[in-house]
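**Student:** In UniProt numbering, the protein residues as written are 1 to 255. Take this structure, written in structure tokens, and hold onto it; I'll ask about it next.
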């Protein structure tokens, strides 16, 4: 079975619209947005795992690189997954509401570019919307591959810089250039953006992730995370994919 067979059935236009609607609440009601994203992520990872292994991911060990405050922890634990969140920033680890913070799973404070796990020690390694915040994103990817056992699964998803959400809270001004957009945001709001270009936000392109994944020899799939199945072909169109993919998922299976 192809890695994306099951998830492709879930990738409908109604799902895309539902997630897009939830995105509006990222700043004003993060529980609402990240709760919806967590549920969708669990479904995506579960479908990918089932497609390549033939069984549900119950009792599988999953490391979530850049797990933040733990919105994904409860969702994965409820699905029977042994969840380990990795987060380098203590502010992020304490950012969720008390009812969701560290509600389940285990958490480690560490860098995604130097994971504190042995080689081939986990079943699934996930990174959701982190690579664009790392100065060396493919070093992070290499670490994810290192700690994942043969036959396991690496799922790396990130926001593409030239897509409409590449600027994060800076909006579409990132098309003026990252540094100019950050300065404009600072003048308007009186403080630097949380996702500040050059320090906590970097220009990562679709071609970068595809080239890295292909070079590992372990890639089994790549697709736009939030698009309906009929739009997945955008990933194969150079140039256009930088603007239209928005969020790229690369799926790897170490051997």
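C-beta atoms are modelled at their ideal positions from N, C-alpha and C, and glycine is treated no differently.
If you reduce the DSSP assignment to three classes, tell me which class residue 42 lands in.
**Tutor:** In the chain shown, residue 42 corresponds to position 42, counting from 1. Residue state, collapsed to three classes: helix.
**Student:** How far does the beta strand (DSSP E) with residue 221 in it reach, from first residue to last?
**Tutor:** The residue given as residue 221 occupies position 221 in the chain shown. 219-224 is the span of the beta strand (DSSP E), which, as asked, contains residue 221.
**Student:** What whole-angstrom Cβ distance do residue 81 and residue 60 have, given they're in contact under 8 Å?
**Tutor:** Taking the first residue of the chain shown as 1, we reach residue 81 at position 81. Taking the first residue of the chain shown as 1, we reach residue 60 at position 60. Right, their Cβ atoms sit about 6 Å apart.
**Student:** How should residue 176 be labelled, buried or exposed, when 16 other C-beta atoms within 10 angstroms of its C-beta is the threshold for buried?
**Tutor:** Taking the first residue of the chain shown as 1, we reach residue 176 at position 176. By the 10 Å Cβ count, residue 176 comes out exposed.
**Student:** Per DSSP, residue 82 is paired with what?
**Tutor:** Taking the first residue of the chain shown as 1, we reach residue 82 at position 82. Residue 82 is bridged to 61.
**Student:** May I have the straight-line CA-CA distance separating residue 125 from residue 224, to the nearest angstrom?
**Tutor:** Here residue 125 refers to the residue found at position 125 of the chain shown. Here residue 224 refers to the residue found at position 224 of the chain shown. Put simply, the backbone Cα of residue 125 is about 19 Å away from that of residue 224.
**Student:** Is the segment 156-164 touching the segment 129-148, taking contact as three or more C-beta pairs under 8 Å?
**Tutor:** yes
**Student:** Alpha carbon to alpha carbon, how far is residue 202 from residue 166?
**Tutor:** Here residue 202 refers to the residue found at position 202 when the chain shown is read from its first residue. Here residue 166 refers to the residue found at position 166 when the chain shown is read from its first residue. Roughly 9 Å between the two C-alpha positions.
**Student:** Measuring straight from C-alpha to C-alpha, what distance separates residue 115 and residue 143?
**Tutor:** Position 115 of the chain shown holds residue 115. Position 143 of the chain shown holds residue 143. Each residue's Cα considered, the two are about 6 Å apart.
**Student:** Just to confirm, is the Cβ distance from residue 339 to residue 7 under 7 Å?
**Tutor:** Outside the shown range of the chain, which is 1 to 255, sits residue 339, and nothing can be said about it.
**Student:** On a CA-only basis, which of 57, 67, 160 and 251 is nearest residue 221? Give me that one, please.
**Tutor:** For the purposes of this step, residue 221 is taken as the residue at position 221 of the chain shown. Of the candidates 57, 67, 160 and 251, the one whose C-alpha sits nearest the C-alpha of residue 221 is 251.
**Student:** If residue 134 and residue 140 are in contact, beta carbons under 8 Å, what's the gap, nearest whole angstrom?
**Tutor:** Within the chain shown, the letter at position 134 stands for residue 134. Within the chain shown, the letter at position 140 stands for residue 140. With a Cβ gap of about 5 Å, residue 134 and residue 140 count as contacting.
**Student:** Please name the residue in 72, 78 and 36 whose C-alpha comes closest to that of residue 85.
**Tutor:** Looking up residue 85 in the chain shown gives position 85. Answer by Cα proximity: 72.
**Student:** Looking at the structure shown, is residue 152 part of a helix, part of a strand, or coil, going by DSSP?
**Tutor:** Here the question's residue 152 lines up with position 152 in the chain shown. Residue 152: strand per DSSP, three-state reduction.
**Student:** How many angstroms separate the CA atom of residue 180 from the CA atom of residue 160?
**Tutor:** For this step, residue 180 is matched to residue 180 along the chain shown. For this step, residue 160 is matched to residue 160 along the chain shown. Those two C-alpha atoms are separated by around 18 Å.
**Student:** My assumption, with CB atoms under 8 Å, is that residue 163 sits in contact with residue 245. Please give the rounded CB distance.
**Tutor:** The residue given as residue 163 occupies position 163 in the chain shown. The residue given as residue 245 occupies position 245 in the chain shown. Contact flag correct, Cβ pair sits at about 6 Å.
**Student:** Taking a contact to mean a Cβ-Cβ separation below 7 Å, would you say residue 211 touches residue 219 in this structure?
**Tutor:** Residue 211 sits at position 211 when you count from the first residue of the chain shown. Residue 219 sits at position 219 when you count from the first residue of the chain shown. No, they are not a contact pair.
**Student:** Going by CA-CA distance only, name the one from 189, 79, 170 and 194 that's closest to residue 56.
**Tutor:** By 1-based counting over the chain shown, the position of residue 56 is 56. Nearest C-alpha to residue 56: 79.
**Student:** From the DSSP output, in three-state form, read off residue 235 for me.
**Tutor:** Counting from 1 along the chain shown, the entry for residue 235 is found at position 235. Three-state DSSP puts residue 235 in a helix.
**Student:** Taking its Cβ as the centre, do 16 or more other Cβ atoms sit within 10 Å of residue 178, making it buried, or is it exposed?
**Tutor:** In the chain shown, counting from the first residue as 1, residue 178 sits at position 178. The residue is buried, with at least 16 neighbouring Cβ atoms inside 10 Å.
**Student:** DSSP three-state label for residue 37, please.
**Tutor:** Position 37 of the chain shown holds residue 37. Correct three-state label for residue 37: helix.
**Student:** Hey, how far is the Cα of residue 238 from the Cα of residue 9?
**Tutor:** Walking along the chain shown from the start, residue 238 turns up at place 238. Walking along the chain shown from the start, residue 9 turns up at place 9. Approximately 25 Å between the Cα atoms of the pair.
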